[in-house]
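Residue numbers (our numbering), protein chains in the order written: chain A, 1 to 255; chain B, 1 to 301.
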């Protein structure tokens, strides 16, 4: 049998899906996180509970949602509530296990900038801003970040704290009195970064074929490598089939 | 005094004034595009435009010169990228802005809708926005001694809320994503309801749990089918994702945006003409198959 191939988006999605546990309540975003959740639900986590910031609870979309408030999320869902309710009863109260985040910049301690490049008052590049991410990264029990591994996306420090990782180290996050556990993994096209005891993102796993050198070259701080560096299992034919045939057959997100 | 049930043009002309703070409600769903277009046609100026997601509608209103300031929590084209008109205006310092997270924005509406002087939120440790926006303050919880983050109420001069159906007095049924419609309506000084259908009062009273907005906070009720296009109305028509994608190209240049406004806003009299101009192919593409809920029995008492 000839070797299976995959794209960077497929690789990241599959590895993000594997981080989810059966029964997790997940605050889902559109794009790759949505695909990762639906893949997990069709493989090892059939009881994954998907909730959306638009106020949809227990969504079971029939088609690929193209926006955070796609009507397919509502039809057949368990419940729909207001945005105030989703952010208070569900997120602030501590009813969300997992949140997914992304952003233009992720720094050494998992802090995210999705707001601005340059000075806030005189932006060089104005990005969309927080949306739900400020509170998701604070209050979800675990948060995961999916992002391509590029040096400009991984600066030593972010220009703007749109959402908090471990600030300047784990102790600082604890001192800030936020309930959630913070970022637990950053899934890239090269591997997986995880926070060490101090909250610094370190290289914990490489995908098949990726190298420590490539990860270091594409990271903006001196990247530490975990004592026991893992290799992620290659995507399986079944995982790829579900993504390609069932979840994103038109290749809208999995280019 | 104008009758409550009126045309959208009459409602905008009576209740929306230069310099007002507006909240055109709806999170992805039920965004009252027709109201935004009518405000552009009537040439309103110096508006403060508040919405969690400004969406295409505020990109268009800003491009048309209606806006002095934008209040938002996610300034992106949902599922596509950035809102290029607003981004250009903000990056070049030509538009004031005031920014929150979604929860912050919604909390301001909730405080406004509840008649409270402020509402607390748990801290998030992400301090940059708290530093950038002086409306974010911290106070000490008098019970635990811990700090909470607080925001003041938002009281728009006018909220426009699009709904599936309303009666002639403004009692409004909404289903699907209910975002911040109720909060925006109760927070605002004046409320304009636009509806896909105007129904007899009995229809509303047959299902009172579905009524999000009661008549006595409503100033005007307008029958505006397809008001939300290119966003959607659950059960009535789908979201026009093609237009959301196309807007990314259209809004690449000011000329592209002005040409769009000429054709689709200034070039049509009202929403009926706009919908007709979209044509049969678009109508067919946005059609949705029925999936009704099972009726509930309230009982005869």
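Glycine is no exception: its CB is placed at the ideal position from the N, C-alpha and C atoms.
- Message: Taking a contact to mean a Cβ-Cβ separation below 9 Å, would you say residue 96 of chain A touches residue 51 of chain A in this structure?
- Response: yes
- In the DSSP assignment, what are the bridge partners of residue 28 of chain A? A:52
- Message: At a CB distance below 8 Å, what residues from the region 125 to 153 of chain B approach chain A? Give them in sequence order.
- Response: 125, 126, 127, 128, 129, 132, 146 and 147
- Are residue 67 of chain A and residue 101 of chain A closer than 9 Å when you measure CB to CB? no
- Task: Pull up the distance between the alpha-carbon of residue 55 of chain B and that of residue 78 of chain B, whole angstroms please.
- Result: 7 Å
- In the structure shown, what three-state DSSP assignment does residue 77 of chain B receive? strand
- Item | In chain order, each alpha helix (DSSP H) run of at least 4 residues that lies wholly inside the region 150 to 178 of chain A | 170 to 175
- To the nearest angstrom, how far is it from the Cα of residue 93 of chain A to the Cα of residue 177 of chain B? 21 Å
- Message: Measuring only the C-alpha atoms, how far is residue 255 of chain B from residue 24 of chain B?
- Response: 25 Å
- Message: Which residues of the region 57 to 71 of chain A have a Cβ closer than 7 Å to any Cβ of chain B? Give them in chain order.
- Response: 66, 67, 68, 69, 70 and 71
- Message: Out of B:13, B:292, B:186 and B:165, which one is the CA nearest neighbour of residue 155 of chain B?
- Response: B:186
- Query: Which word fits residue 84 of chain B, buried or exposed, when buried means at least 16 other C-beta atoms lie within 10 angstroms of its C-beta?
  - Reply: buried
- Return the first residue and the last residue of the alpha helix (DSSP H) that residue 303 of chain B is part of. Summary: the structure shown does not reach residue 303 of chain B, with chain B confined to residues 1 through 301, and so no result is reported for it.
- Message: Would you call the region 197 to 205 of chain A in contact with the region 151 to 167 of chain B, where contact means no fewer than 3 C-beta pairs closer than 8 Å?
- Response: no
- Item | Where the alpha helix (DSSP H) containing residue 182 of chain B begins and where it ends | 181 to 187
- Message: Under DSSP, the alpha helix (DSSP H) around residue 146 of chain A begins and ends at which residues?
- Response: Unbroken run through residue 146 of chain A is the beta strand (DSSP E), 142 to 146; no alpha helix (DSSP H).
- Query: Can you name the residues that DSSP bridges to residue 123 of chain A?
  - Reply: A:118
- Item | Nonlocal neighbours in the same chain, by C-beta distance under 7 Å from residue 63 of chain A, ignoring five residues either side | 72
- Alpha carbon to alpha carbon, how far is residue 239 of chain A from residue 188 of chain A? 18 Å
- Task: State buried or exposed for residue 122 of chain B, treating a residue as buried only when at least 16 other CB atoms are found within 10 Å of its CB.
- Result: buried
- Compute every distance between the C-beta of residue 134 of chain A and the non-hydrogen atoms of the ligand FMN, then say whether any falls below 8 Å. The ligand FMN is absent from the structure shown, which contains no ligands of any kind.
- Please list the partners that residue 92 of chain A has in chain B, where partner means a Cβ-to-Cβ separation under 9 Å. 103, 121 and 122
- Using a beta-carbon distance cut-off of less than 7 Å, what residues from the region 219 to 236 of chain B approach chain A? 232 and 234
- Could you spell out where the alpha helix (DSSP H) holding residue 274 of chain B opens and where it closes? 271 to 286
- Task: Grab me the residues of residue 27 of chain B's own chain with a C-beta within less than 8 Å of its C-beta, minus the 5 sequence neighbours each way, in chain order.
- Result: 52, 53, 177, 179 and 180
- Alpha carbon of residue 138 of chain B to alpha carbon of residue 135 of chain A, nearest angstrom: 16 Å
- Does DSSP put residue 173 of chain B in a helix, a strand or coil? strand
- Any beta strand (DSSP E) of 3 or more consecutive residues that is wholly inside the region 111 to 145 of chain B: 119 to 121 and 137 to 140
- Message: Could you check whether the region 26 to 36 of chain A touches the region 6 to 17 of chain A, counting it as contact only if at least three pairs of C-beta atoms, one from each stretch, sit closer than 8 Å?
- Response: yes
- Item | Chain-ordered neighbours of residue 36 of chain A on chain B, where CB pairs are closer than 9 Å | The contacting residues do not exist; residue 36 of chain A stays about 16 Å from chain B at best.
- Distance, Cα to Cα, residue 38 of chain A vs residue 32 of chain B? 32 Å
- Query: Among all the DSSP beta bridges, which residues are the ones paired with residue 50 of chain B?
  - Reply: B:23 and B:71
- Report the partner residues of residue 206 of chain A according to the DSSP bridge assignment. A:191 and A:231
- chain A beta carbons: is any one of them nearer than 9 Å to that of residue 180 of chain B? yes
- Task: Evaluate contact between the region 8 to 23 of chain B and the region 205 to 212 of chain B, counting only Cβ atoms and requiring at least three cross-stretch pairs below 8 Å.
- Result: no
- How big is the Cα-Cα spacing for residue 215 of chain B and residue 247 of chain B? 36 Å
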